[in-house]
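Read through the structure below, which is laid out as C-alpha cells, and then see the notes.
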Amino acid sequence: MPEIKAQATSMDMMCAESPAPPCILVIFGASGDLAHRKLIPSIAGIAQRGLLNDRFCLIGCGRSQLSDREFAQGAIEAVKKANPSVSLTVLKRFEKQLTFQSGNYQDPDFYRQLLQRIEALNEEYQCEHRVLFYLSVPPSLYGPIAEHLGEVGFSHPHGNVDWDSRLVVEKPFGHDLASATELNETISQCFKESQVYRIDHYMGKETVQNILMFRFANAIFEPIWNRSYIDHVQVTIAESLGVGERGGYYDGSGALRDMFQNHLLQMLALVTMEPPASFAADSVRDEKRKLLEALRPIDLKTLNQTFLRGQYAAQGDQPGYLQESGVNPESTTETLVAAKLWIDNWRWKDVPFYLRTGKALAAKTTEVVVTFKQVPHSMFSSAGFDDIPPNVLVMQIQPQEGINLSFQAKRPGSKLCMGTLNMHFSYEQVFGVQMPEAYERLLLDCMLGDQTLFMRFDNLDTAWRLLDPVLQQWSESETKPIPYPHSCNSFAELDHLIEADGRHWRKIQ
Numbered sequence: 038m039p040e041i042k043a044q045a046t047s048m049d050m051m052c053a054e055s056p057a058p059p060c061i062l063v064i065f066g067a068s069g070d071l072a073h074r075k076l077i078p079s080i081a082g083i084a085q086r087g088l089l090n091d092r093f094c095l096i097g098c099g100r101s102q103l104s105d106r107e108f109a110q111g112a113i114e115a116v117k118k119a120n121p122s123v124s125l126t127v128l129k130r131f132e133k134q135l136t137f138q139s140g141n142y143q144d145p146d147f148y149r150q151l152l153q154r155i156e157a158l159n160e161e162y163q164c165e166h167r168v169l170f171y172l173s174v175p176p177s178l179y180g181p182i183a184e185h186l187g188e189v190g191f192s193h194p195h196g197n198v199d200w201d202s203r204l205v206v207e208k209p210f211g212h213d214l215a216s217a218t219e220l221n222e223t224i225s226q227c228f229k230e231s232q233v234y235r236i237d238h239y240m241g242k243e244t245v246q247n248i249l250m251f252r253f254a255n256a257i258f259e260p261i262w263n264r265s266y267i268d269h270v271q272v273t274i275a276e277s278l279g280v281g282e283r284g285g286y287y288d289g290s291g292a293l294r295d296m297f298q299n300h301l302l303q304m305l306a307l308v309t310m311e312p313p314a315s316f317a318a319d320s321v322r323d324e325k326r327k328l329l330e331a332l333r334p335i336d337l338k339t340l341n342q343t344f345l346r347g348q349y350a351a352q353g354d355q356p357g358y359l360q361e362s363g364v365n366p367e368s369t370t371e372t373l374v375a376a377k378l379w380i381d382n383w384r385w386k387d388v389p390f391y392l393r394t395g396k397a398l399a400a401k402t403t404e405v406v407v408t409f410k411q412v413p414h415s416m417f418s419s420a421g422f423d424d425i426p427p428n429v430l431v432m433q434i435q436p437q438e439g440i441n442l443s444f445q446a447k448r449p450g451s452k453l454c455m456g457t458l459n460m461h462f463s464y465e466q467v468f469g470v471q472m473p474e475a476y477e478r479l480l481l482d483c484m485l486g487d488q489t490l491f492m493r494f495d496n497l498d499t500a501w502r503l504l505d506p507v508l509q510q511w512s513e514s515e516t517k518p519i520p521y522p523h524s525c526n527s528f529a530e531l532d533h534l535i536e537a538d539g540r541h542w543r544k545i546q
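Following this line, the structure appears as C-alpha cells:
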C-alpha cells in the first residue's frame, strides 16, 4: 500500500507551556520501582526543559533507612538510566533539591516529623506553602495516609497554616464500586475534590492528548464525526508480555480492572465526547462524564454476546498465566477483555464500539481505529468495482506514535485503475524528537494545579457503575476465561465478537 508522508514546519506550530511554580513534592514510596523508573526521572526531565522552579524541593518517603545523600545518589543514578538526555548541570542542581524521610506510614509520629521537615523546607525554599503528596504505594495505604496528612494539618480547613496541598493518587482507585466509594469518602473527609489528582498515565501520553487536538482543532473532521458517516470504532490496548513478576498483584485485579475500567474507557470518552466549551479542566471532564453516562447499561442476560474474557495459555517455551509466579494455579482471573459497547445519544446512536485489551498478544500496541461507512452508491460498480474498501483513520498511541488515513485514488495506467493510498504521519519523523514521558506532563500539571487530564470521582463512579455488574456476574459464574495461545494475534471466540456483525478486527501489529 503506497504511503504519503506528512510534513510540518516551525511556522505551523503554536505552543503554550507554563513553568511550574515553587512547590514541595513529597513522594510516598520513593524507594520503589515506579519512583525510580518514572517519577524522579520525569521531574528531572521537567528541569531539563527549564520548567522546574528553582524553589522546588523533593522529599522521598519510605521505610528504608536512607540518608539524604544516599537517597539523592540513588535518585540521580535512576535519572541517568531512565533519562540520559538530562544534562550534568541540571543533575547537579537537581541533586541538591532531594531529601529523604524514613518511617512507618502507620505511625502518627512519622507525619509530625514530616510536617516539621516540610515547614523547614518551605521556609528555606520559599515554596509559598504549596505541597504535593504523591502516593506511590499499595492502594490499601491511600486512605490511612490521607487521614494522617489531614490530622497534622494539610487538609482544608483544619490546618493552622493555609497549605495549598494536593493529593496525587495512582490507580487502581478501588477494587469495585463499593471500595472506590468508600475510599473516596475517606479521602474527601480530609481533602476537597479540587485537591485530589487521580492519575491515569495514559492521559499523559502526547498521542492521547492529540485526540482532543485532532477532533476539535480541525474543521474537516467534526462534521463527519457521527453516526451518519462512521460505521464503527475499535480501541485496542495490546501487550506482548505476560504478567511477569506482577503475578501476585495481577491475580487480584485482572484486565477489566487493570486496563478496561480506566485506560480504555477514558480513551473512548476522548474519541466520542461532545466539544467542551473551553479547554478548562471542568469543561473537559464534564463532557467526559456525560459521555460515560450515555454508555448503554450492560445486559447481563446477553453478556456472553457483548463481553469476552480470556486467559493466555502456554505456547512453546512461553508460560501460560497459570504457570506464572504468584498466580493461583486455579485462578479464573482474566488477562484479556473484549467488549462491544453502545452510546445512546444523538451523535452515536447505533454505532458499535469494539474495545479489547490483553496481555501476551502478538505485539505491543495501542490504537484507535475509526472505520467510515462506504459510499452510498458506487458509480464504478458497472466496471466491477463493487467492494470498495472504506476509509479508515488510525490514531496510533504507542509504540509507533502517529496518524494514518487510508483513502481511494486512481493509480497510473488503465482508464479505471483504483487503489488504496495510505497517508501517514509519524511524530518521530515529523518532529524529530523523542516523545516526552507521560509522567512529565502529569506531574507538571499537578504542580500547576491543572486537573484537565485527571479523573474526577464522578467519572470514576460512572465507569465502576457500568462494569460492576460484569465483575459480579463473573465472580458468581462457574465458567472460566477462554484460553488463548501466548503471543497470538487473535482467536476464534475473539473474532466472533466482531465478525458476528460482519466486521473484522484490525490486525495487532
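If you read the sequence shown in our numbering, its first letter stands for residue 38, the second for the next number, and so on. Glycine residues also receive a C-beta, built at the ideal position from the N, C-alpha and C atoms.
Just confirm the distance between the C-beta atoms of serine 623 and leucine 337, as a whole number of angstroms; I'd bet it's less than 8 Å. With the chain represented from 38 up to 546, any question about residue 623 goes unanswered, as that position is not in the structure.
CA-CA distance, glutamate 311 and glutamate 324? If I take the Cα positions, the gap works out to 6 Å.
Need the endpoints of the alpha helix (DSSP H) that glutamate 554 sits in, please. As displayed, the chain neither begins before 38 nor continues past 546, which places residue 554 out of reach and without an answer.
Could you tell me the alpha carbon to alpha carbon distance between cysteine 483 and proline 413, rounded to whole angstroms? Across the structure, cysteine 483 and proline 413 are spaced so that their CA atoms are roughly 48 Å apart.
For isoleucine 236, the nearest candidate out of Arg493, Ala400, Ser527, Gly539 (CA to CA): Comparing Cα-Cα distances from isoleucine 236 to each of Arg493, Ala400, Ser527, Gly539, the minimum goes to Arg493.
Residues near arginine 322 in its chain [Cβ-Cβ closer than 6 Å; skip 5 each side]: Here arginine 322 has Arg493 as same chain residues with Cβ atoms under 6 Å from its own Cβ, once five neighbours each way along the sequence are excluded.
What residue ranges within the region 47-133 form continuous alpha helix (DSSP H) runs of no fewer than 4 residues, ordered along the chain? Complete alpha helix (DSSP H) runs here, min 4: 77-85, 105-119, 125-132.
Inter-residue spacing [alpha-carbon to alpha-carbon] between threonine 489 and phenylalanine 316: So the alpha carbons of these two residues sit roughly 8 Å apart.
Per DSSP, glutamine 138 is paired with what? The partner list for glutamine 138 (beta bridge, DSSP) reads Cys98.
Name the two residues that bound the continuous beta strand (DSSP E) containing phenylalanine 344. 344-350 is the extent of the beta strand (DSSP E) around phenylalanine 344.
Of the choices Gly395, His166, Val429, Arg106, whose alpha-carbon is the least far from that of proline 59? Nearest option by C-alpha distance: His166.
Within a Cβ cutoff of 7 Å, which residues of the same chain sit near methionine 472, ignoring the five residues on either side of it in sequence? Apart from the 5 residues on each side of it in sequence, methionine 472 sits with its Cβ closer than 7 Å to the Cβ of Glu243, Glu438, Tyr464 in its chain, given in chain order.
What residues in its chain sit with their C-beta under 6 Å from that of proline 389, if we drop five residues either side in the sequence? Cβ within range, chain order: His269, Lys377.
Does serine 68 pass the burial test, meaning 16 or more other C-beta atoms within 10 Å, or should it be called exposed? Counting Cβ neighbours within 10 Å, serine 68 comes out buried, since at least 16 surround it.
Within the same chain, show all residues whose beta-carbon is closer than 6 Å to that of isoleucine 440, passing over the 5 residues directly before and after it, in chain order. Cβ within range, chain order: Met432, Phe462.
Would you report the Cα separation of isoleucine 248 and histidine 533, rounded to the nearest angstrom? Whole-angstrom Cα-Cα distance: 29 Å.
How would you call threonine 339, buried or exposed, if buried means at least 16 neighbouring beta carbons within 10 angstroms? Counting C-beta atoms within 10 angstroms of its own C-beta, threonine 339 has fewer than 16 neighbours from the protein chains shown and is therefore classed as exposed.
Go to glutamate 188, then tell me how far its beta strand (DSSP E) extends in each direction, as first and last residue. For glutamate 188, there is no enclosing beta strand (DSSP E); the enclosing alpha helix (DSSP H) covers residues 179-188.
Just how far apart, CA to CA, sit glutamate 160 and tryptophan 501? The straight-line gap separating the alpha-carbon atoms of glutamate 160 and tryptophan 501 is approximately 43 Å.
Looking at the secondary structure, which residues open and close the alpha helix (DSSP H) in which threonine 369 lies? Looking at the DSSP string, threonine 369 is not in any alpha helix (DSSP H), and its letter there is neither H nor E.
Is the number of C-beta pairs between the region 391-398 and the region 367-381 that are closer than 8 Å three or more? With the cut-off at 8 Å, the region 391-398 and the region 367-381 touch.
Which residues in the same chain have their Cβ closer than 6 Å to the Cβ of alanine 109, if we skip the five residues on either side of it in sequence? Around alanine 109: Glu132, Leu135.
Beta-carbon separation (whole angstroms), leucine 178 vs glutamate 207, contact threshold 8 Å: About 11 Å; that fails the 8 Å criterion.
Is it buried or exposed for glutamate 536, if we count other Cβ within 10 angstroms and need 16 for buried? When all chains shown are included, glutamate 536 counts as exposed.
Check whether threonine 98 and valine 127 have beta carbons under 8 Å apart: According to the sequence provided, residue 98 is cysteine. The question's threonine does not apply to it. No, the Cβ-Cβ distance between cysteine 98 and valine 127 is not below 8 Å.
Would you check if the region 378-387 and the region 251-266 touch, i.e. whether three or more CB-CB distances between them fall below 8 Å? As far as the Cβ criterion goes, the region 251-266 touches the region 378-387, which means the pair count is three or higher.
Residue range of the beta strand (DSSP E) that includes glutamate 243: Where glutamate 243 is concerned, there is no enclosing beta strand (DSSP E), although the alpha helix (DSSP H) around it starts and stops at 243-253.
Thinking just about the alpha-carbon of each residue, which of Pro436, Ile434, Gln411, Gln435 is nearest to the one in asparagine 428? Nearest to asparagine 428 by C-alpha distance, out of Pro436, Ile434, Gln411, Gln435, is Gln411.
Could you tell me the alpha carbon to alpha carbon distance between histidine 73 and alanine 119, rounded to whole angstroms? Approximately 8 Å, taken between the alpha carbons.
Spell out a yes or no on whether the region 274-282 and the region 500-518 are touching, meaning 3 or more CB-CB pairs, one atom from each, closer than 8 Å. The region 274-282 is not in contact with the region 500-518.
Excluding sequence positions up to five away, which residues of its chain have a Cβ less than 7 Å from the Cβ of phenylalanine 491? Residues of the same chain with a CB within less than 7 Å of the CB of phenylalanine 491, apart from the 5 flanking positions on each side, are Tyr234, Arg235, Ile236 in chain order.
For serine 7, write down the residues that DSSP places opposite it in a beta bridge. For residue 7 there is no data in the structure shown, the boundaries of the chain being 38 and 546.
Might you give, ordered along the chain, the residues of its own chain that have their beta carbon closer than 7 Å to the beta carbon of histidine 195, omitting 5 neighbours on each side? With a pLDDT of 49 at histidine 195, under the threshold of 50, the modelled position of that residue is not reliable, and the figure given next carries that caveat. Excluding residues up to 5 positions away in sequence, Gly187 lie with their Cβ nearer than 7 Å to the Cβ of histidine 195 in the same chain.
Just to confirm, are glutamine 348 and proline 176 a CB contact at a threshold of 8 Å? Not in contact: glutamine 348 and proline 176 (Cβ atoms no closer than 8 Å).
8 Å Cβ cutoff met for valine 272 and leucine 305: Result yes, Cβ atoms of valine 272 and leucine 305 sit closer than 8 Å.
Cβ-Cβ distance between alanine 399 and asparagine 526 below 8 Å: It is a contact, given that the beta carbons lie within the stated cut-off.
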